[in-house]
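Reading through the structure tokens given below for one structure.
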Amino acid sequence: MALYGYTIGEDRDSSASNGKQLDVYRFLIPSAPGGSITPTRVGTVNLASTAATADLEGLGTNPTTGRVSAVNEARVTGSTTPIDPAVLRVNNVDQPFAPATASPTRTPSDLRRFGFDSGADFGRDFSVGSQPVVLYNISGNEASSNGVPVGSSLYKITTANPGNISLVDGFGAPTTAPQRQGTQPTNPGKFADGLAIDNLNPGRTRALASDFSTDDGDGNQLYKVDLLTGELSAPITLRTPSGQPLNSDSGLSFTNSGSQRLLGWLETGAVYEITGYQDELAASGLGLGSATGTNGAGFATATLLGTVTLPNAVSGAVDYEGFTIVNE
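Taking our numbering, the leading residue of the sequence shown gets 33, the next gets one more, and so forth.
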């Protein structure tokens, strides 16, 4: 058994005439820092050209089946059209490659996801006594220039076919119509586009969201996530050993067997191991534990393991924003 990472690129030729062709890549996760990492193309997800928000930015591994599912982004950045209500979940994008697309039913019917960027992972639904596994999707907006506030909202998608998608919101005031309809975030001012849920030690706050971009003006950070209420904690500052920012759209994933590791991902193919977050994650609720930085917030360190040599990634012609890990 070995740990493999998966990622999905954007439409490989940006041509609407042949639909959207999203290549899926698989690569070995390094055990220690090294050089370049060579990926293997597993297959291509073909989506209709009418799917305006087809980029599959959210990737998660189901702890029950070991299979990977992907969720599309909520809205095209810079779009002047109304928020696209379409939600795409594509199952089985890992090996053996057998993609199957479903469009979860929005509950309530006026639900629209907030934001432009997307992260996803599987975890237990703590609002139900049996705690079934669901696919969580965090969507956010990192720049006010996009026309909506900076912030994030958490959603959950049941695993049935086609399943249901609903907004996770159980803190503060009741959910408002703008929050349901995707024009206001439930977590204002807290942007995140990566999500990792601890399924080795499950709990309602055993989850982290990532913000590796500095476009929202507040640097690199992690947030603890309350899977019952959808609330994000105060930020956990993330830094490289030399103190440099990562500054890119992100993916985030826990290993799902053996000794636990937390890995971060940049859309250019860079893979980071994140350490120092353990006290924060183990703290009760959304508290930040015993590790404190100069501002009283927690902190963690991101160490580069290597860079996956993905086609057109370094140039930025194709972004690879989703990331998950499978033990195969």
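Quick reminder that beta carbons are idealized off the backbone N, C-alpha and C, glycines included.
Where leucine 342 sits in the DSSP three-state scheme: For leucine 342, the three-state secondary structure derived from DSSP is coil.
Might you give, ordered along the chain, the residues of its own chain that have their beta carbon closer than 6 Å to the beta carbon of leucine 270, omitting 5 neighbours on each side? When the five nearest sequence neighbours on each side are left out, the beta carbons in the same chain lying within less than 6 Å of the beta carbon of leucine 270 are those of Asn252, Gln253, Leu254, Ala332 and Ala334, in order along the chain.
Starting from the C-beta of alanine 228, find all residues in its chain whose C-beta is less than 6 Å away, skip the five residues before and the five after it, and write them out in chain order. So the list reads Asp153, Leu240, Leu284, Ser285 and Phe286, once near-sequence residues are dropped.
Nearest to glutamate 299 (by Cα), restricted to the options Val350, Glu305 and Gln292: Comparing Cα positions, the closest option is Val350.
According to DSSP, is tyrosine 57 helix, strand or coil? Strand at tyrosine 57.
In this structure, does DSSP put threonine 324 in helix, strand or coil? Because threonine 324 carries a pLDDT of 45, less than 50, the predicted location of this residue cannot be relied on, and the following value inherits that uncertainty. Coil at threonine 324, not helix or strand.
Report yes if the CB atom of isoleucine 40 is closer than 8 Å to the CB atom of alanine 102, and no otherwise. A contact, by the Cβ cut-off of 8 Å.
DSSP beta-bridge partners for isoleucine 189? Partner(s): Leu167 and Ile197.
With distances taken Cα to Cα, identify the nearest neighbour of glycine 92 among Asp142, Asp225 and Gly75. The residue with the shortest Cα to Cα distance from glycine 92 is Asp225.
Is any beta-carbon of chain B found at less than 8 Å from that of glutamine 276? Looking at the structure shown, chain B is missing, and only one protein chain is on hand.
Look at the alpha carbon of aspartate 126 and the alpha carbon of threonine 85, and state the distance between them as a whole number of angstroms. Rounded to the nearest whole angstrom, the CA to CA distance from aspartate 126 to threonine 85 is 21 Å.
Aspartate 55 burial status per 10 Å Cβ neighbour count (16 or more: buried): Its Cβ being crowded by 16 or more others within 10 Å, aspartate 55 is buried.
Alpha carbon of serine 177 to alpha carbon of leucine 278, nearest angstrom: Looking at the two C-alpha atoms, the distance is approximately 21 Å.
Could you pull out every residue in the same chain whose Cβ sits closer than 7 Å to the Cβ of leucine 318, ignoring the five residues on either side in sequence? Apart from the 5 residues on each side of it in sequence, leucine 318 sits with its Cβ closer than 7 Å to the Cβ of Thr237, Lys256, Asp258, Glu263 and Ser265 in its chain, given in chain order.
Does DSSP put asparagine 29 in a helix, a strand or coil? A query on residue 29 cannot be resolved here, the shown segment of the chain reaching from 33 to 360 and no further.
Within 10 angstroms of its Cβ, does proline 140 collect 16 or more other Cβ (buried), or is it exposed? Proline 140 should be labelled exposed.
Selected residue, minimal CA-CA separation from proline 210, among Leu143, Gly202 and Met33: Per the C-alpha coordinates, the member of Leu143, Gly202 and Met33 positioned closest to proline 210 is Leu143.
Which residues bound the alpha helix (DSSP H) around alanine 134? First-last for alanine 134: 132-134, but that is the beta strand (DSSP E), not the alpha helix (DSSP H).
According to the neighbour-count rule (16 or more other Cβ atoms, all chains shown, within 10 Å of its Cβ), is glycine 155 buried or exposed? Its Cβ being crowded by 16 or more others within 10 Å, glycine 155 is buried.
Distance CB(isoleucine 357)-CB(isoleucine 69) smaller than 8 Å: Not closer than 8 Å, so no.
Check the DSSP bridge columns for asparagine 78 and list the partner residues they point to. Beta-bridge pairing links asparagine 78 to Gln53.
Which residues in the same chain have their Cβ closer than 6 Å to the Cβ of asparagine 123, if we skip the five residues on either side of it in sequence? Around asparagine 123: Ser101 and Ala132.
Among Thr76, Val165, Val182 and Val166, whose alpha-carbon lies nearest the alpha-carbon of glutamine 216? Nearest of Thr76, Val165, Val182 and Val166 to glutamine 216, Cα basis: Val182.
Looking at valine 340: is its Cβ nearer than 8 Å to the Cβ of phenylalanine 158? It is not a contact, given that the beta carbons lie outside the stated cut-off.
Can you name, in chain order, every residue of its own chain whose Cβ lies under 7 Å from the Cβ of methionine 33, other than the five neighbours on each side? Only Asn359 and Glu360 meet the Cβ criterion.
Whose C-beta lies closer than 6 Å to the C-beta of threonine 307 among residues of the same chain, with five residues either side of it excluded? Closer than 6 Å at Cβ, skipping near neighbours: Thr333.
Going straight from the alpha carbon of asparagine 50 to that of asparagine 288, what length do you get? Each residue's Cα considered, the two are about 37 Å apart.
Label alanine 302 either buried or exposed according to how many other C-beta atoms from any shown protein chain fall within 10 Å of its C-beta, with 16 as the threshold for buried. That one is buried.
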